[in-house]
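Protein chains in written order, with this note's numbering: chain Z, -3 to 307; chain P, 6 to 355.
Ideal Cβ positions, reconstructed from N, Cα and C, are used throughout, including at glycine.
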């Protein structure tokens, strides 16, 4: 027993040394180097009494599909750099597993994008990273440029505890540059539903021309309204997007109205049973979508326009 | 104060889809002929009909009896994050009646994002979901009894979660997802787990999806007689191997695979194609970035058509033994192109 403890202490010291080496390796490319060194950190996070099945694996954009199949396209659309994966198995039972995946998404914005797109509403939140939640015995966390997924074989108290311990260890060793995500502050806070902001790098709302777009849900009385916002390179570019939006609405909807309220110009799109309202403000294109009440859609769009700050 | 600046332009959405298809392909009369021919030839008394529209063609799916739109809406990736939710209604209006999704463990949030659409249309559409069995073996190894039992438990657990996320008590079919091991296909433990779920009224039909070692997996499925549906990674040039993102090594062409596909059909298995044109897609979309890769197998009529390389791929497999194709459609542009391909595939072949 004593020798086992000694062995564990030696292993811990070796891992600490490796951790120091890994952290020191952060250079001009910042966390890319740390990301390459993640297998060392991950190995040190093996739950007590468990072991690593096969080995810690890393995947790049070129071979991510080998691990996660068709879902790879989703992560690649957000410019994933590297994914570190390990499967922990209970020493006695290989069908009892916990899978850990750490996605290095290059920027906090991209990491927020995949986290927010996959986020389940109403799950218990975690005080880890910038945001996170538990779903059964599975954990999903966003920290800086990283998105962490911990998937357990079964939902038991034991697996929940092991998963939580693992989540803590992983978020402890991952770094966060602190770089802000634009949409989280740009979208007005008033009436905004907690944890409702999502970031879509491509194809927001099913529209091939809507890129780098944030959406959020707002409570207006008894109605929930989805708003969207995207920052373009220039005011001209933002204007062009509004034109494309109007074309889309003409093609797939029932018609458009061009409205003016003071200096604000809006395009109201009748999508057949619901309304989208779109506007431009400087380099911003924004609006609301899928609102059944036309007047409410227009009112909320105007409120949003007024609250947006131009940078 | 708000004032109206211009008159409204009015469009009927269904009419628009018809116009797009007709304008692209020689007029509405030709389209109507194609639709009626396809529908009449496949309809029988036992056929299950759901949301059939003149803008789509249909094919009966094996022993299920379901007359499926030849274009299947692949919801898995498209509904992650809910970004393509608005496409569902458009797809429905165009006559797509077959919606394929996947477990939350894989396509996170997709089933939940499909649920509101199903609330409005559940009786009018065919819904399939799927989940992996989570068995880790080499394709050629036999799974152990312990692994089979674990797989059955895991898979049916995910099926229950799917029903909860879809907010329905029944799916028309549930697949064993991404199967590459024939011994898993032959697992009585898994099949019995399916039968138990079927008896409980949770699911109607048993299926599998495969895009690695697919030929052997399909042969095993035929041999068992248990499977009603098989979603297979197939291209005009032959089997697609997802593990390499390429055509399977030494694959026969689709023409050469007709015997096997016919055997599957005779065994009552409805064949759903997938990954059909992935190979043509750009690298960032997990393709090889070569849109002309399948041109060598096409006839002159198809090659000289105005179809895009992606549309050609779909049209070709639909004319060569594949009942329907599952397409990942993430925006309105994809949807529009694929509807046209599925609705007009037969006119490029003698």
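Taking only the alpha-carbon atoms, compute the straight-line gap between residue 270 of chain P and residue 277 of chain P and give it to the nearest angstrom. 11 Å
Quick check for students: name the residue ranges of the beta strand (DSSP E) that lie wholly in the segment 127 to 202 of chain Z, counting only runs of 3 or more. 127 to 131, 134 to 139, 142 to 148, 194 to 196
So residue 31 of chain Z and residue 100 of chain Z are in contact, right, with Cβ under 8 Å, and what is the actual spacing, rounded? 4 Å
Of all the beta strand (DSSP E) runs that stay within the bounds of the segment 141 to 210 of chain P, which reach a length of 3 or more residues? 176 to 181
Per DSSP, the bridge partner or partners of residue 212 of chain P: P:180, P:234
Using beta carbons (cut-off 8 Å, strictly below), is residue 247 of chain P in contact with chain Z? At least one chain Z Cβ lies under 8 Å of residue 247 of chain P.
Mind checking if residue 227 of chain Z is an interface residue toward chain P, Cβ cutoff 8 Å exclusive? no
Does the CB of residue 338 of chain P have a neighbour CB from chain Z at under 8 Å? At least one CB of chain Z lies nearer than 8 Å to the CB of residue 338 of chain P.
Just to confirm my understanding: we take residue 180 of chain P, look at its own chain, exclude 5 residues before and 5 after, and list those with CB closer than 6 Å. What are they? 135, 212, 213, 214
Quick one: residues in its chain with C-beta nearer than 7 Å to the C-beta of residue 165 of chain Z, no 5 flanking neighbours on either side, listed in chain order? Contacts found: 41.
Can you tell me which of the three DSSP states residue 52 of chain Z falls into? strand
Only counting the same chain, and skipping five residues up and downstream in sequence, which positions put a Cβ closer than 8 Å to that of residue 238 of chain Z? 263, 274, 275, 276, 281
Any chain P beta carbon closer than 8 Å to residue 271 of chain Z: no
For residue 89 of chain Z, count the other beta carbons within 10 Å of its own beta carbon; 16 or more makes it buried, fewer makes it exposed. Which is it? Answer is exposed; the Cβ neighbour count stays below 16.
Contained beta strand (DSSP E) runs [length at least 3] in the segment 230 to 292 of chain Z, N- to C-terminal order: 251 to 257, 260 to 266, 271 to 277, 280 to 287
Look at residue 272 of chain Z and residue 336 of chain P and say whether their C-beta atoms are less than 8 Å apart. Residue 336 of chain P is positioned such that its CB atom lies no closer than 8 Å to that of residue 272 of chain Z.
Report the three-state DSSP secondary structure of residue 218 of chain Z (helix, strand or coil). coil
Using only the alpha-carbon positions, how far apart do residue 148 of chain P and residue 160 of chain P sit? 15 Å
Hey, out of Z:284, Z:260, Z:261, Z:246, whose CA is closest to residue 226 of chain Z's CA? Z:284
Indicate the three-state DSSP secondary structure (helix, strand or coil) for residue 247 of chain P in the structure shown. coil
Put residue 205 of chain Z into one of helix, strand or coil per three-state DSSP. coil
What are the residues in the segment 171 to 197 of chain Z lying within 8 Å of chain P by C-beta distance? 194, 196
Contact between the segment 56 to 65 of chain P and the segment 83 to 97 of chain Z (3+ Cβ pairs under 8 Å): no
Boundaries (first-last residue) of the beta strand (DSSP E) holding residue 99 of chain Z: 89 to 100
Between the beta-carbon of residue 323 of chain P and the beta-carbon of residue 75 of chain P, is there less than 8 Å? yes
Would you please state the rounded distance, in angstroms, between the beta carbons of residue 168 of chain P and residue 176 of chain P? I believe it to be under 8 Å. 7 Å
Classify residue 199 of chain P: buried if its beta carbon has 16 or more other beta carbons within 10 angstroms, exposed otherwise. buried
Hey, is residue 151 of chain P's beta-carbon within less than 8 Å of any beta-carbon in chain Z? yes
Tell me which residue opens and which closes the alpha helix (DSSP H) that residue 315 of chain P is part of. For residue 315 of chain P, the uninterrupted alpha helix (DSSP H) run begins and ends at 314 to 323, by DSSP.
Less than 8 Å between the beta carbons of residue 275 of chain P and residue 69 of chain P, yes or no? yes
Note down the Cα distance separating residue 331 of chain P from residue 184 of chain P, rounded to an integer number of angstroms. 17 Å
My parser needs the alpha helix (DSSP H) runs of 4 or more residues fully inside the segment 51 to 81 of chain Z; what are they? 61 to 64, 68 to 72
Delimiting residues of the alpha helix (DSSP H) encompassing residue 278 of chain P: Not the alpha helix (DSSP H): residue 278 of chain P falls in the beta strand (DSSP E), residues 275 to 279.
Euclidean distance between Cα positions of residue 53 of chain P and residue 231 of chain P: 20 Å
Closest Cα partner of residue 172 of chain Z within the set Z:216, Z:124, Z:47: Z:124
Could you spell out the range, first to last residue, of the beta strand (DSSP E) harbouring residue 105 of chain P? Per DSSP, residue 105 of chain P belongs to the beta strand (DSSP E) from 103 to 105.
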